[in-house]
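Residue numbers (my numbering): 23 to 325.
Think of the CB as a built atom: it goes at the ideal place given N, C-alpha and C, for glycine as much as any other residue.
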């Protein structure tokens, strides 16, 4: 009998278009993902996927399974999310996610203090989650509100996506870097630099935004010998491993020995978005309304 996990893995592989990208999104080894597909094919006694070095195609059996798997997973997620949100509504717990590239700015911290004072019976639990995974966590009921970097490439029905604010992007470099005496720099001038956080168009959030800017400047970013997608990337810049493009709010938290340069030209900005379920309980909706008001966003949702 096929398991829920196997169905989820199969759908992710098809949606991603490759085993390697699906393994990255699922945070598992590619070999483990391939093994799960072989077990599914053995159980069903039918091949599900035809693949070569460049292409991945579903067989007739694969197409049939994919359609049914999507319906099964959607029904399961909706049931689990409804139960979870109903329970949270009575317990007064709010799960708040934020990307590592969305640090808690003074307006957000002030909002959290005000919310705690006004709602003494509500507990807010804060967790880190990448921008591209927040929507799924919220849809499946593992979280209530997300603070993510645009763009969000994979969107789900039943989830609101609202732009909160825009901020400039900056370049973080070592104080010993050749550009350290500069105040600003163009993206094109970074062509020969090594990036400690590799921009990627197939990922959402900050990674996608930086990859767009580099592509518009006519180059593909070079990867540093040591890299990271988390806060440690600023420490790697401090250590001289390379550079990174980050939001200004994140750059302000860089360790000593890191210089921040403005990016020249139009469009070198990034948006922060709020995410929450359309059927969120009242305590979540009140928090979202306060969040939009505190950060200047219009209190209207769009999906």
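One or two residues paired with residue i in a DSSP bridge
i           : result
residue 172 : The partner list for residue 172 (beta bridge, DSSP) is empty, contrary to what the question assumes.
residue 265 : 217
residue 291 : 190
residue 284 : 192 and 206
residue 80  : 71
Option nearest residue i by Cα separation, candidates the options
i           : options              : result
residue 219 : 187, 256 and 237     : 256
residue 182 : 297, 232 and 120     : 297
residue 248 : 241, 258 and 239     : 258
residue 301 : 84, 180, 26 and 133  : 180
residue 292 : 28, 153, 199 and 177 : 153
residue 305 : 30, 77 and 166       : 166
residue 80  : 117, 63, 96 and 284  : 63
residue 96  : 73, 178, 137 and 69  : 178
residue 40  : 29, 30 and 52        : 52
Assigned secondary structure, residue i (DSSP; H/G/I helix, E/B strand, else coil)
i           : result
residue 192 : strand
residue 72  : strand
residue 205 : coil
residue 60  : helix
residue 300 : coil
residue 145 : strand
residue 178 : coil
residue 117 : strand
residue 164 : coil
residue 218 : coil
residue 47  : helix
residue 259 : helix
residue 185 : strand
Contact set for residue i: own chain, Cβ-Cβ below 8 Å, skip 5 residues either direction
i           : result
residue 236 : 209, 212, 221, 242 and 243
Neighbourhood of residue i by C-beta, 7 Å cutoff - its chain only, sequence neighbours within 5 removed
i          : result
residue 47 : 34 and 38
Nonlocal neighbours in the same chain, by C-beta distance under 6 Å from residue i, ignoring five residues either side
i           : result
residue 279 : 197 and 260
Cutoff 8 Å: residue i Cβ touching any chain B Cβ
i           : result
residue 315 : This model lacks chain B altogether, as it is built from one protein chain only.
Practice task
Output the residue ranges of the alpha helix (DSSP H) runs that lie fully inside the stretch 224-255 and measure 4 residues or longer, sorted by chain position.
Solution key: 227-238
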